[in-house]
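Comments concern the structure below.
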Amino acid sequence: MARPPHPMETPLIAEHRAAGAALAEFESCVLPQRFSSVDKEYRAASESVALLDTNWHAVLTLGGRDRVKYLHAISSNDIKSLAAGRGTRALLLNPQGHILAEIEVYALAESLLVLSHASLREQTLATLKKYVIGSQVQIEDRTAQTGSCAVEGPRAAAVVAQACGIALADLAEMSVVDTAVAGIPCQLLRRSHFGAPGAEFLASREALPALWRTLLAGVRAQGGEPIGMDAFHALRLEACVPWFPADFNDAMIPHEAALESTHISFNKGCYTGQEIVERVRSRGHVNRKRVSLRFSTAVPPAAQTKLRAGGADVGFITSAAFSPAAGVAIGMGYVRREHFAPGSVLEIDGGTAEVVERSSQPTVHG
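The sequence shown begins at 0 in numbering that gives the first Met the number 0 and counts up one residue at a time.
Put into structure tokens, the structure is as follows:
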């Protein structure tokens, strides 16, 4: 997969530098790695509420009278059934069924809001535009004009209610509403990044620092903290939430990535890659699959570390992080069919990796 030659900096970078945050590159996006300690940030997210910089998104809109029909025809999920204000996750596949992009699609009154990942922005745009000829569809890249941040955790609803008067519990997961925070126009997405109650706010890049400061004050009032990507990855791996494109990408098909229950509609018409998806479903199995892993050491193994059984390579790790809850490193990877079962113990350099139960949590862009 082609990545941009230069990483994209979060529009909140000045705020983070002023706060003394450590910054690092994550999948071609410069984001906060941590603000204080991973343990402190993890506890805040688990016990109170976290504020998260989510500026890894590519933000696109589809307009025109054929927008719904068109995206429905080229993506893996049911776009036609989306009521205004509701969203879903889907995949863009190539004819061989491999995953070109993960997208979140939200139905607005006059357009579709589509979120994907900035590291594959050009590829995603090209895929979306490939079949537009002859359709009344206008695709606009709003990434350079739009920024985002999210609150998530047990007290996220209190922060949202104080910030904009919206009761988070009244919104369905994967829904969108227009609102304002301290006079800043926003779109609020009811969605979870690591399995806890949460909301993501989209606003203009110019207004995002003021939005961040307002939400930060609300988060701190609830005993919460801003968190960096190190704590975020620990939280989402504990919740078994895969990260695109680290945990699934164009090397995989949906069933290998274990996305068939969250990103695929088996009741819609044809779309690019559907033949392969249906063939795999009718066959009933794949030869390798994404699994969750618990390691025997506290130090997270690097991505692409080989997984072995009896000295033979049987898979590889895609992502890992230290889990405060488990007291050891946890992660995700792909293993051959003989080792899918929870309890399977595989070898890595310097330790072991055990396949553990994977919960059915939503995925997240990354």
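We put the beta carbon where it would ideally sit given N, CA and C, even for glycine.
This structure is a prediction, so every number in the text was calculated from the model and none was measured.
Pairwise C-alpha distance: residue j and residue i
i, j, result
"T400", "G272", "In the structure displayed, the chain extends from 0 to 365; residue 400 sits before or after that span and is not available."
"I73", "S191", "26 Å"
"G349", "F294", "10 Å"
"A171", "R278", "33 Å"
"S281", "P253", "14 Å"
"K68", "T145", "26 Å"
"K128", "S115", "14 Å"
"K267", "Q95", "19 Å"
"V354", "S343", "5 Å"
"R235", "D177", "27 Å"
"P10", "Y41", "24 Å"
"V104", "L91", "12 Å"
Residue range of the unbroken alpha helix (DSSP H) whose run includes residue i
i, result
"G96", "Run containing G96: none; DSSP gives neither H nor E here."
"Q32", "No alpha helix (DSSP H) holds Q32; the beta strand (DSSP E) holding it covers 28-33."
"Y388", "The structure shown does not extend to residue 388, since the chain spans only 0 to 365, so no value can be given for it."
"K128", "120-128"
Residue range of the beta strand (DSSP E) that includes residue i
i, result
"S318", "311-322"
"T60", "56-62"
"S115", "111-116"
"C163", "That residue, C163, is in no beta strand (DSSP E); its alpha helix (DSSP H) goes 155-163."
"E224", "224-226"
"S174", "174-180"
"E372", "Look at the range of the chain in this structure, 0 to 365, and you will see that residue 372 is not part of it."
"A149", "145-151"
DSSP three-state assignment for residue i, whether helix, strand or coil
i, result
"P208", "helix"
"T296", "coil"
"K39", "helix"
"R190", "coil"
"T261", "coil"
"V136", "coil"
"E46", "helix"
"I78", "coil"
Inter-stretch contact (C-beta, 8 Å, three-pair minimum) for the stretch 136-151 and the stretch 179-198: Taking one beta carbon from each stretch, the stretch 136-151 and the stretch 179-198 have 3 or more pairs nearer than 8 Å; the two touch.
The stretch 55-66 contacting the stretch 106-114, beta-carbon criterion three pairs below 8 Å: Contact between the stretch 55-66 and the stretch 106-114 is present, with at least three C-beta pairs closer than 8 Å.
At least three beta-carbon pairs within less than 8 Å, the stretch 249-265 to the stretch 221-235: They do not touch, by the three-pair rule.
Three or more C-beta pairs below 8 Å linking the stretch 173-189 and the stretch 153-164: A contact exists between the stretch 173-189 and the stretch 153-164.
Contiguous beta strand (DSSP E) assignments of at least 3 residues, all confined to the stretch 213-251: If we require 3 residues or more, the beta strand (DSSP E) runs fully inside the stretch 213-251 come out as 224-226.
Segment contact flag, the stretch 85-105 with the stretch 115-126, C-beta cutoff 8 Å, min 3 pairs: Yes, they touch.
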